[in-house]
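Trainee: Dumping the structure here so I can ask a few things about it.
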Amino acid sequence: MNLFIYILKRLLLLIPLLFGVTLVVFILTRVVIAGNPIDQIVPPMASQELRDQLAQRYGLTDPILVQYGKYMLNLLRGDLGVSFRSGLPVSKEIIKFFPATFELTTYAMLLALLVGIPLGVASAVWRDTWIDHLSRFLSVSGISMPVFWLSLLLIYFFFFKLHLAPAPLGRMNPRISTPDFVTGWLTIDTLLAGNLRAFRSAVANLTLPTIALAYGAMAPIARMARSGMVDVLSTDYIRTARAQGLKRSTIIFKYALKNALLPVVTMTAIVYGFLLGGSVLVENIFAWPGLGRYAYDAIASTDYTAIQGFVLYATTMYIVLFLITDLLYKFLNPRIEF
Amino acid sequence: MKLKLISILFLLVWIGLGLAQDKTLIIAIPSDMQNLDPTLSGGDVTTQEVLTSVYSYLIDFKREQDADGQWIGNADSFVGDVAESFETSADGSKVTFHLRPGIKFSNGDPIDANAVKFTYDRIFGQAGITAFLTGMAAVKDGNSVQVIDDATVEFTLDTPNTLLFGNMAQFGHSILNPNVVKPHMTDADPWAHEWLQNNTEGTESGPYVLASWDRGNEIVLERNPNYWGTVENDKVILKIIPDASARLAQLQAGAVDMAIDIPTKDIASLETNPDIAVKRFTTRAVGYLGMNNEIAPFDNVKVRQAISYAIPYDVIIDNVLNGYGIQLTSPIPQGTPYHTDEYFQYSQDPEKAKALLAEAGFPDGFDTTFTIPNDSAEAKEGAVWVQSALKDIGINVSIEEMPGAAFTEKMQKREHAFFWANQWISINNDPFYHMFWLLKADCCDYTKYKNDHIWELIDQYTLSTDLVAREAAAKEIQQTVIDEAPWVFLFQPDAIITMRSNVEGYTWYSADRYLRPQYLKLSDW
Numbered sequence: 177m178n179l180f181i182y183i184l185k186r187l188l189l190l191i192p193l194l195f196g197v198t199l200v201v202f203i204l205t206r207v208v209i210a211g212n213p214i215d216q217i218v219p220p221m222a223s224q225e226l227r228d229q230l231a232q233r234y235g236l237t238d239p240i241l242v243q244y245g246k247y248m249l250n251l252l253r254g255d256l257g258v259s260f261r262s263g264l265p266v267s268k269e270i271i272k273f274f275p276a277t278f279e280l281t282t283y284a285m286l287l288a289l290l291v292g293i294p295l296g297v298a299s300a301v302w303r304d305t306w307i308d309h310l311s312r313f314l315s316v317s318g319i320s321m322p323v324f325w326l327s328l329l330l331i332y333f334f335f336f337k338l339h340l341a342p343a344p345l346g347r348m349n350p351r352i353s354t355p356d357f358v359t360g361w362l363t364i365d366t367l368l369a370g371n372l373r374a375f376r377s378a379v380a381n382l383t384l385p386t387i388a389l390a391y392g393a394m395a396p397i398a399r400m401a402r403s404g405m406v407d408v409l410s411t412d413y414i415r416t417a418r419a420q421g422l423k424r425s426t427i428i429f430k431y432a433l434k435n436a437l438l439p440v441v442t443m444t445a446i447v448y449g450f451l452l453g454g455s456v457l458v459e460n461i462f463a464w465p466g467l468g469r470y471a472y473d474a475i476a477s478t479d480y481t482a483i484q485g486f487v488l489y490a491t492t493m494y495i496v497l498f499l500i501t502d503l504l505y506k507f508l509n510p511r512i513e514f
Numbered sequence: 113m114k115l116k117l118i119s120i121l122f123l124l125v126w127i128g129l130g131l132a133q134d135k136t137l138i139i140a141i142p143s144d145m146q147n148l149d150p151t152l153s154g155g156d157v158t159t160q161e162v163l164t165s166v167y168s169y170l171i172d173f174k175r176e177q178d179a180d181g182q183w184i185g186n187a188d189s190f191v192g193d194v195a196e197s198f199e200t201s202a203d204g205s206k207v208t209f210h211l212r213p214g215i216k217f218s219n220g221d222p223i224d225a226n227a228v229k230f231t232y233d234r235i236f237g238q239a240g241i242t243a244f245l246t247g248m249a250a251v252k253d254g255n256s257v258q259v260i261d262d263a264t265v266e267f268t269l270d271t272p273n274t275l276l277f278g279n280m281a282q283f284g285h286s287i288l289n290p291n292v293v294k295p296h297m298t299d300a301d302p303w304a305h306e307w308l309q310n311n312t313e314g315t316e317s318g319p320y321v322l323a324s325w326d327r328g329n330e331i332v333l334e335r336n337p338n339y340w341g342t343v344e345n346d347k348v349i350l351k352i353i354p355d356a357s358a359r360l361a362q363l364q365a366g367a368v369d370m371a372i373d374i375p376t377k378d379i380a381s382l383e384t385n386p387d388i389a390v391k392r393f394t395t396r397a398v399g400y401l402g403m404n405n406e407i408a409p410f411d412n413v414k415v416r417q418a419i420s421y422a423i424p425y426d427v428i429i430d431n432v433l434n435g436y437g438i439q440l441t442s443p444i445p446q447g448t449p450y451h452t453d454e455y456f457q458y459s460q461d462p463e464k465a466k467a468l469l470a471e472a473g474f475p476d477g478f479d480t481t482f483t484i485p486n487d488s489a490e491a492k493e494g495a496v497w498v499q500s501a502l503k504d505i506g507i508n509v510s511i512e513e514m515p516g517a518a519f520t521e522k523m524q525k526r527e528h529a530f531f532w533a534n535q536w537i538s539i540n541n542d543p544f545y546h547m548f549w550l551l552k553a554d555c556c557d558y559t560k561y562k563n564d565h566i567w568e569l570i571d572q573y574t575l576s577t578d579l580v581a582r583e584a585a586a587k588e589i590q591q592t593v594i595d596e597a598p599w600v601f602l603f604q605p606d607a608i609i610t611m612r613s614n615v616e617g618y619t620w621y622s623a624d625r626y627l628r629p630q631y632l633k634l635s636d637w
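Top to bottom, those sequences are chains Z and C.
In this text, residue positions in the first sequence follow this note's numbering: the first is 177, and each later residue adds one.
In this text, residue positions in the second sequence follow this note's numbering: the first is 113, and each later residue adds one.
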């Protein structure tokens with residue numbers, strides 16, 4: 177019951193937070209980002225009358241506080257507004273672009289965890305051996321190597337030179353028709369449709385961008401896992417366990433790992449939340465129709481409603497992820513009380 | 113039993129072959145489209161490309177082969193499209209269009225005089241750019257478009273002129289299906305803008321129907337079964353690939369048949385590749401540096417001339433365009449009637465530039481700012497050359513980069529003092545149309561050029577059928593404007609089309625530069 181109240185409290189906190197975020201973004205888009213969305217919807221020859229007429233239709237002539245008020249009223253009804261560029265509801269567009277980013281990001285995150293945690297743990301256990309050096313090398317390069325450069329290298333070698341990977345043409349070979357929308361994840365939808373050829377294509381197209389994103393995401397996770405493990409291994413209870421002659425693997429996997437991984441969970445939430453905002457560079461290079469590109473295009477064309485909608489989405493994502501993290505903490509560490 | 117198996121096998125092979133011969137073209141494009149309302153769409157190329165593919169107009173540019181055998185759309189010659197033929201009355205006050213008999217929209221409804229009338233009533237009712245352009249050619253309002261019978265429509269021109277056809281052969285004049293569009297017209301949205309900006313189903317009058325539009329990913333066009341003209345392929349996939357190097361790599365690998373907008377620095381390497389065909393055409397786009405005629409010190413004609421004598425034209429064309437372009441020598445580009453370069457006087461001459469600066473009262477030069485949009489690699493590179501050349505004559509330039517949208521907004525307000533102008537191309541290949549927009553119109557005279565005599569000439573001869581006087585006036589305007597130097601006349605860039613060498617039928621439409629993919633096919637089909 178306490179848990180339920182805790183979740184409710186956290187979700188209620190969302191309201192003032194989102195309120196603040198919308199206010200800041202609203203002012204940023206209208207006051208700080210220069211440019212006029214009307215320029216995006218009419219050709220340069222458009223007369224001033226036509227521009228004024230459109231500005232009025234989109235409510236841009238109202239005082240900014242009135243505009244904000246109207247926006248908030250609509251928001252309370254769950255209406256994020258209509259995009260200037262496409263004329264479609266922003267909520268619909270975000271839902272449309274979300275699965276591509278969600279699928280790519282989740283696979284990248286899984287790969288980063290699968291590689292990062294063992295790597296970090298191993299380098300803590302065998303400190304200053306070759307595996308520790310390798311881990312450090314991978315982490316440092318993962319953090320410092322620009323992701324667009326890594327992406328281009330991957331394309332150059334695996335697609336252009338070795339022909340192992342498909343052309344970076346988005347989520348699937350354009351000559352294969354996309355399966356019906358069920359989950360939005362092509363790796364799942366193609367299987368549900370029983371189309372193995374499409375499934376293979378979806379997996380193949382996912383491979384390079386997943387590796388490119390995972391490489392950068394793996395670095396902080398491996399570092400976190402290493403430092404967490406190093407800390408735990410020097411605690412008294414591990415020394416006691418050792419003194420009692422427990423097997424090394426038992427010590428590490430049964431007693432040390434759980435505590436060592438707590439900071440990794442937090443780091444995972446941060447990295448995952450960051451990636452779910454979409455990676456503009458990776459999405460651009462792999463022609464991936466995701467949210468990063470959506471947000472970038474919205475900013476480049478001063479599409480106010482789309483920018484606002486995207487920031488609201490990203491904020492909500494972070495908050496939900498952090499909430500899940502806190503709940504996971506309780507599960508992993510029963511000493512924590514809410 | 114055996115026979116049955118064999119026949120099934122044959123059937124499968126036959127189906128397999130049929131599928132393998134699915135005539136699909138994949139074209140890599142840099143960006144998605146935005147708003148499909150033909151009369152109220154923005155300026156983005158992809159939207160206009162798709163509109164041109166899914167709709168037909170009364171008339172279009174004539175497709176023919178030039179002396180080298182290259183297919184072109186002649187910007188100065190018009191043929192019927194939805195109209196089978198058309199004729200102008202002797203006094204030039206009426207144009208009668210005879211519609212092609214028996215043609216249909218994609219949903220089977222007839223394309224008749226009623227549909228044409230509906231289309232033009234909507235154009236004038238909505239009062240957007242298309243209405244303005246039609247009115248500019250003296251077809252003033254809905255009453256000027258009359259239905260004579262089911263297959264005949266008559267346009268009345270208040271003043272006979274040479275602009276009308278050029279203003280009509282474009283997507284704003286897309287013929288719409290009243291049966292489909294009318295149900296979407298409401299009091300709040302009397303011209304069904306909201307439906308048309310995202311839909312075309314049932315109202316397609318062009319070579320293709322919009323089969324799917326997966327935003328941010330791809331646009332799929334499929335052959336319109338009711339279209340009366342040539343369509344060489346069954347399906348065209350416009351694949352959105354924002355990154356230029358990715359488009360290039362995929363063209364080289366054969367993953368796409370054609371790639372749009374490959375940077376000029378990569379073209380040279382493609383020209384030696386036997387798998388790739390590179391086509392080059394001089395465009396009528398004018399690339400210039402704008403100098404605001406009302407902002408000091410650029411309000412001084414001597415300052416503008418001095419700058420025009422300081423710019424290293426060839427160096428900029430060689431480096432910024434990698435040689436893919438020609439010098440612009442007049443406000444009217446080469447390729448447009450009445451263009452002449454006999455008055456062009458500028459070449460890089462720092463001594464003369466310094467002398468002019470001294471005469472203008474700036475013997476020691478001055479400090480100024482050059483404004484460019486930060487989303488243009490060409491502008492960034494060009495700005496550096498401008499900066500270094502002007503330093504030689506004592507003008508210290510600081511480069512101001514603005515985000516694209518902010519740059520455009522300020523340009524539309526005509527507040528830039530000294531700036532990199534986006535390349536303007538006039539869709540109507542008429543010199544007065546071109547000069548009206550760039551040297552007189554409130555929207556697009558970005559340098560606030562003003563000269564009462566020149567403006568009078570533009571007003572007088574924009575609508576005129578006196579071709580001799582028109583040409584004389586055009587020459588006089590060019591001479592004066594070159595001398596008054598509101599722009600640094602920089603270049604006319606080439607259009608470069610890159611495709612796999614097995615793509616045939618490419619047609620260069622110099623007026624609007626759209627692909628018109630219906631003429632494209634692969635040699636192995």
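Don't be surprised by glycine CBs; every beta carbon is placed ideally from N, CA and C.
#1: Can you list, in chain order, the residues of its chain with a C-beta nearer than 7 Å to that of C:PHE410? Leave out the 5 residues immediately preceding and following it.
#2: From this set, C:LEU308, C:ALA467, C:LEU579, C:ILE429, which residue's C-alpha is nearest C:ILE287's C-alpha?
#3: Where Z:SER353 and C:GLY247 are concerned, what is the direct C-alpha to C-alpha distance, given to the nearest angstrom?
#4: Just mark C:ALA202 as buried or exposed, buried being the case when its beta carbon has 16 or more other beta carbons within 10 Å.
#5: Hey, Z:VAL408 and Z:ALA445: beta-carbon distance below 7 Å or not?
#6: With respect to the alpha helix (DSSP H) encompassing Z:LYS434, which residues constitute its N-terminal and C-terminal limits?
#7: Kindly say whether C:GLY128, judged by its beta-carbon, lies nearer than 7 Å to any beta-carbon of chain Z.
#8: Excluding sequence positions up to five away, which residues of its chain have a Cβ less than 7 Å from the Cβ of C:PRO272?
#9: For C:VAL166 versus C:MET145, is the C-beta spacing smaller than 7 Å?
#10: For a contact meaning CB atoms closer than 9 Å, what does C:ILE93 contact in chain Z?
#11: Can you list, in chain order, the residues of its chain whose CB lies under 7 Å from that of C:VAL332, leaving out five sequence neighbours each side?
#12: List the residues of chain Z that C:ARG327 touches, going by C-beta distances under 9 Å, in chain order.
#13: Mind checking whether C:ALA371 and C:ALA607 have CB atoms under 7 Å apart?
#14: Run through the region 146 to 208 of chain C for me and flag every whole beta strand (DSSP E) of 3 or more residues, listed as ranges in chain order.
#15: Since C:GLY155 meets chain Z, which of its residues come closer than 7 Å, beta carbon to beta carbon?
#16: Please return the same chain residues whose Cβ sits closer than 6 Å to the Cβ of Z:SER267, not counting the five positions on each side in sequence.
#17: Helix, strand or coil: how does DSSP classify C:LYS294 here?
#18: Compare the Cα-Cα distances from C:GLY447 to each of C:ALA623, C:GLU330, C:ASN345 and report the closest residue.
#19: Whole angstroms are fine: how far does the CA of Z:PRO192 sit from the CA of C:ILE438?
#20: Measuring straight from C-alpha to C-alpha, what distance separates C:VAL600 and Z:PHE273?
#21: Can you pull the chain C residues whose beta carbon is under 7 Å from the beta carbon of Z:PHE375, in chain order?
#22: Give me the DSSP bridge partner(s) of C:HIS210.
#23: So, helix, strand or coil for C:ASN486, using DSSP?
#24: With 8 Å as the C-beta to C-beta threshold (strictly closer), list the residues of the region 477 to 507 of chain Z near chain A in chain order.
#25: Let me know if C:ALA195 comes out buried or exposed under the rule of 16 or more other beta-carbons within 10 Å of its beta-carbon.
#26: Would the beta-carbon of Z:THR478 be found less than 6 Å away from any heavy atom of the ligand MN?
#27: Using a cut-off of 8 Å between C-beta atoms, extract the partners of C:GLN362 located in chain Z.
#28: Quick check: is the beta carbon of C:LEU124 nearer than 7 Å to any beta carbon in chain Z?
#29: List the endpoints of the continuous alpha helix (DSSP H) containing C:ASN508.
#30: Could you tell me whether any Cβ in chain C is nearer than 7 Å to the Cβ of Z:ALA395?
#31: Taking just the CA atoms, how far does C:ALA597 sit from C:THR483?
#32: Can you tell me where the beta strand (DSSP E) holding C:THR610 begins and where it ends?
#33: Kindly indicate the opening and closing residues of the alpha helix (DSSP H) around Z:MET515.
#34: Could you tell me which whole alpha helix (DSSP H) segments of length 4 or greater appear in the region 437 to 487 of chain C?
#35: Determine the direct distance from the alpha carbon of C:GLY185 to that of C:ARG625, and round the result to whole angstroms.
#36: Would DSSP call C:LEU124 helix, strand or coil?
Mentor: This is what the structure gives:
#1: MET403, ASN404, ARG416, ALA529, PHE530
#2: C:LEU308
#3: 45 Å
#4: exposed
#5: no
#6: 433 to 436
#7: Low confidence applies here, because C:GLY128 scores a pLDDT of 48, under 50, leaving its location unreliable and the question unanswered by this model.
#8: ASP203, GLY204, SER205, THR577
#9: no
#10: Because chain C spans 113 through 637 in this model, residue 93 of chain C falls outside it and cannot be assessed.
#11: ALA323, SER324, LYS347, ILE349
#12: SER262, LEU264, GLU269, LYS272, PHE273, PRO465, TYR470
#13: no
#14: 171 to 177, 183 to 192, 195 to 200
#15: PRO219, PRO220
#16: LEU256
#17: helix
#18: C:ALA623
#19: 59 Å
#20: 44 Å
#21: Simply none; closest approach about 18 Å.
#22: C:SER197, C:THR264
#23: coil
#24: Looking at the structure shown, chain A is missing, and the protein chains on hand are Z and C.
#25: buried
#26: The ligand MN is not part of the structure shown, which contains no ligands of any sort.
#27: ALA343, PRO344, LEU345
#28: Confidence at C:LEU124 is low in this model, with a pLDDT of 49, below 50, so the placement of that residue is unreliable and no value is reported for it.
#29: That residue, C:ASN508, is in no alpha helix (DSSP H); its beta strand (DSSP E) goes 508 to 514.
#30: no
#31: 18 Å
#32: 599 to 612
#33: In this structure chain Z extends from 177 to 514, so residue 515 of chain Z is not present and cannot be described.
#34: 462 to 471
#35: 9 Å
#36: Any reading at C:LEU124 must be qualified, since the residue scores a pLDDT of 49, below 50, and its modelled position is unreliable; no value is offered.
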